[in-house]
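The structure appears right after this line, and notes come after that.
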Amino acid sequence: MKTIYNIDKVRICLLQHENCYDYYIYSRFQHSTNKEIHFDGFFLTVEDSDSVNDKDITATLWLEDEVPVELGTFTFNKSKKYGSKCFFTYATKSLYMADNVYMEKKSNYFTYPFFTFDKLGLMFNNITSIEIACDTEYSVINKIQYAVGKPDVFDMVLLRKKVNNPEDVLVGYWEYYQRSRIRKAPRPSLYIHRQRYEAGNGCSLKIYDKARELAQSRSDKEVLTRAWNGMADRIQRMEIAVENRQFRRFFEKMNNDNHNKWLVYSEPTTKEKRQDEYREGIEHFFFDLGMNEGLREIMFNYFSDILLHFKLKNHAKTQVSVLDLAVNSLADLRKLDGNKCKPQCKPMK
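Here you go:
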């Protein structure tokens, strides 16, 4: 059975140079008859002339091709609130479309916006938010519900805290059922997150029946997702959604665990230079995340274990992740490495 890790959604914060808004965006859209700006194999579009103003402009980025490919959406700003910052949100479809296949490995359109950033003179600043999706043919939801309801077999660690009393309400764990007037869905969607939201520090896990969602969506979305994942029947999806501060902590931990692979501060240095080097380091890490499924798997496991995991009630207190639970029988779980005691960032090879 297959398990695949994808970047599902991501929003990036970029730094605009002083003339970017007025010269590259506002002025060129104003003088464009069809509200398009073309440059070196890419083009930007806006919905209508009312979208072009001297405060903010939302423009869609396209790759020029026989059939143009939507890569994402820019939000350019000239307001005091955002200063020199603009934002780019990837089009989810571009992350599930195969641009190329080499040695039986598919590549999507993840790298293409980086060329545009360079052409527009935009500097990478940070990740505003990102979602990593784990699509699997295993039955995850039923296994989690089983483990939750077996306090004699499993300890449950929810949001870093062990649930000591089986009678306690599970604050941070929710089950939602879709239903009609006469029928309830056989499986719920599971949500794990802190009850109190803190802006910029969000971290959550959603687990749901992706095959059911696709069956209720447009047919082209189902064809696209199944073609990318190579899953013909059952798909259950686990999504971690992580915001800026949580992502930076993960990046810093991974960098330390991998001998400063992405970020090394030069000496002597200044505050401004350290900030520039940090931005470059996190950009290189994000690029590798988009290109390396193994790194996406590490990120998914790290955050999902923080949000929810279980421990077998054996002498070794074997830690069991949500995916361990789905993939293994109870007998196999008892054979797992007893040293798995907390979420770890694995070193990259």
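Numbering (our numbering), first residue to last: 14 to 362. We put the CB at the ideal spot given by N, CA and C, even for glycine.
With a 10 Å radius around its C-beta and 16 neighbouring C-beta atoms as the bar for buried, classify residue i as buried or exposed.
{"i": "Gln259", "result": "buried"}
{"i": "Glu280", "result": "exposed"}
{"i": "Ser342", "result": "exposed"}
{"i": "Pro126", "result": "buried"}
{"i": "Ile205", "result": "buried"}
{"i": "Lys355", "result": "With a pLDDT of only 43 at Lys355, under 50, the local geometry of the prediction cannot be trusted, and no value is derived from it."}
{"i": "Gln29", "result": "buried"}
{"i": "Tyr37", "result": "buried"}
{"i": "Ser62", "result": "exposed"}
{"i": "Asn314", "result": "buried"}
{"i": "Asn19", "result": "buried"}
{"i": "Asp131", "result": "exposed"}
{"i": "Met312", "result": "buried"}
{"i": "Lys348", "result": "exposed"}
{"i": "Pro360", "result": "Model confidence at Pro360 stands at a pLDDT of 49, short of 50, so the residue's coordinates are unreliable; what they give is reported in the following sentence. Looking at its Cβ environment, which holds fewer than 16 other Cβ atoms inside 10 Å, Pro360 is exposed."}
{"i": "Gln288", "result": "exposed"}
{"i": "Ile195", "result": "exposed"}
{"i": "Met14", "result": "exposed"}
{"i": "Arg309", "result": "buried"}
{"i": "Val6", "result": "Outside the shown range of the chain, which is 14 to 362, sits residue 6, and nothing can be said about it."}
{"i": "Tyr34", "result": "buried"}
{"i": "Ala344", "result": "exposed"}
{"i": "Asn352", "result": "Residue placement at Asn352 cannot be trusted, given a pLDDT of 47 that sits under 50; what the coordinates show is reported in the next sentence. So Asn352 ends up on the exposed side."}
{"i": "Lys156", "result": "buried"}
{"i": "Lys118", "result": "exposed"}
{"i": "His44", "result": "exposed"}
{"i": "Asn138", "result": "buried"}
{"i": "Leu27", "result": "buried"}
{"i": "Tyr39", "result": "buried"}
{"i": "Asn113", "result": "exposed"}
{"i": "Gly303", "result": "buried"}
With distances taken Cα to Cα, identify the nearest neighbour of residue i among the options.
{"i": "Gly213", "options": "Arg292, Asp246 and Val255", "result": "Val255"}
{"i": "Lys94", "options": "Asp112, Ser107 and Lys68", "result": "Lys68"}
{"i": "Glu226", "options": "Trp241, Arg209, Leu218 and Ile248", "result": "Ile248"}
{"i": "Thr102", "options": "Lys22, Lys118 and Leu57", "result": "Lys22"}
{"i": "Lys48", "options": "Leu74, Glu310 and Asp165", "result": "Leu74"}
{"i": "Met136", "options": "Arg261, Val166, Glu296 and Ile143", "result": "Glu296"}
{"i": "Ile220", "options": "Arg209, Ile253, Val170 and Val236", "result": "Ile253"}
{"i": "Tyr291", "options": "Glu211, Ile140 and Glu188", "result": "Ile140"}
{"i": "Pro305", "options": "Lys98, Ser120 and Ser97", "result": "Note on identity: in this sequence residue 305 is Asn, with Pro being the wrong assignment. If we check each option's Cα against that of Asn305, Ser120 comes out closest."}
{"i": "Tyr278", "options": "Glu293, Lys266 and Phe264", "result": "Glu293"}
{"i": "Trp187", "options": "Val176, Val166, Leu218 and Pro164", "result": "Leu218"}
{"i": "Thr105", "options": "Val59, Val82 and Asn90", "result": "Val82"}
{"i": "Glu31", "options": "Val335, Gln43 and Lys98", "result": "Lys98"}
{"i": "Tyr190", "options": "Ile154, Leu237 and Leu325", "result": "Ile154"}
{"i": "Lys163", "options": "Leu172, Arg173, Asn178 and Lys174", "result": "Asn178"}
{"i": "Lys91", "options": "Ala240, Arg207, Asn66 and Lys326", "result": "Asn66"}
{"i": "Ile70", "options": "Arg41, Val170 and Ile25", "result": "Arg41"}
{"i": "Lys326", "options": "Phe316, Ile319 and Leu346", "result": "Leu346"}
{"i": "Phe300", "options": "Lys324, Tyr122 and Tyr109", "result": "Tyr122"}
{"i": "Ala329", "options": "Gly215, Tyr210, Asp168 and Gln158", "result": "Asp168"}
{"i": "Thr88", "options": "Ala111, Glu60 and Met110", "result": "Glu60"}
{"i": "Asp222", "options": "His322, Ala146, Asn113 and Leu321", "result": "Ala146"}
{"i": "Leu320", "options": "Asp165, Thr331, Val170 and Met244", "result": "Val170"}
Let's see if you can read the secondary structure: which residues bound the alpha helix (DSSP H) around residue i?
{"i": "Ala245", "result": "Careful: Ala245 lies outside any alpha helix (DSSP H) and carries neither H nor E."}
{"i": "His44", "result": "Element bounds for His44: n/a, residue is neither H nor E."}
{"i": "Met13", "result": "This structure does not reach residue 13, given that the chain is present from 14 up to 362, and the question cannot be answered."}
{"i": "Ile295", "result": "Lys284 to Met304"}
{"i": "Thr129", "result": "Tyr125 to Lys132"}
{"i": "Asp270", "result": "Asn257 to Asp270"}
Give a yes or no on whether the minimum CB-CB distance between residue i and chain B is below 9 Å.
{"i": "Gln249", "result": "Structure shown: chain B not included; a single protein chain is present."}
Along the chain, where does the beta strand (DSSP E) containing residue i start, and where does it finish?
{"i": "Gly85", "result": "Val82 to Asn90"}
{"i": "Phe101", "result": "Lys98 to Tyr103"}
{"i": "Ala198", "result": "Run containing Ala198: none; DSSP gives neither H nor E here."}
{"i": "Ser120", "result": "Lys118 to Ser120"}
{"i": "Ile50", "result": "Glu49 to Phe52"}
{"i": "Glu188", "result": "Tyr186 to Tyr189"}
{"i": "Leu57", "result": "Phe55 to Thr58"}
{"i": "Asp69", "result": "Asp69 to Leu76"}
Report task. Would you be able to state if there are at least three C-beta pairs under 8 Å between the region 143 to 150 and the region 189 to 206? Result -> no
Report task. Please determine if the region 270 to 278 and the region 218 to 234 are in contact, where contact requires at least 3 C-beta pairs separated by less than 8 Å. Result -> no
Query - Completely contained alpha helix (DSSP H) runs for the region 135 to 183, where each covers 4 or more residues - result: 153 to 161
Report task. Mind the definition here: the region 47 to 57 touches the region 72 to 84 only if three or more C-beta pairs lie below 8 Å; say whether that holds. Result -> yes
Report task. Kindly confirm or deny that the region 176 to 188 and the region 329 to 339 touch, where touching means at least three C-beta pairs closer than 8 Å. Result -> no
Query - 4 or more residues per run - each alpha helix (DSSP H) lying fully within the region 312 to 343 - result: 335 to 340
Query raised in the report: Do the region 283 to 297 and the region 235 to 250 touch if we need at least three Cβ pairs shorter than 8 Å?
Result: no
Requested in this report: Any chance you could list the beta strand (DSSP E) runs of at least 3 consecutive residues sitting entirely within the region 200 to 232, in chain order?
Outcome: 202 to 206 and 216 to 222
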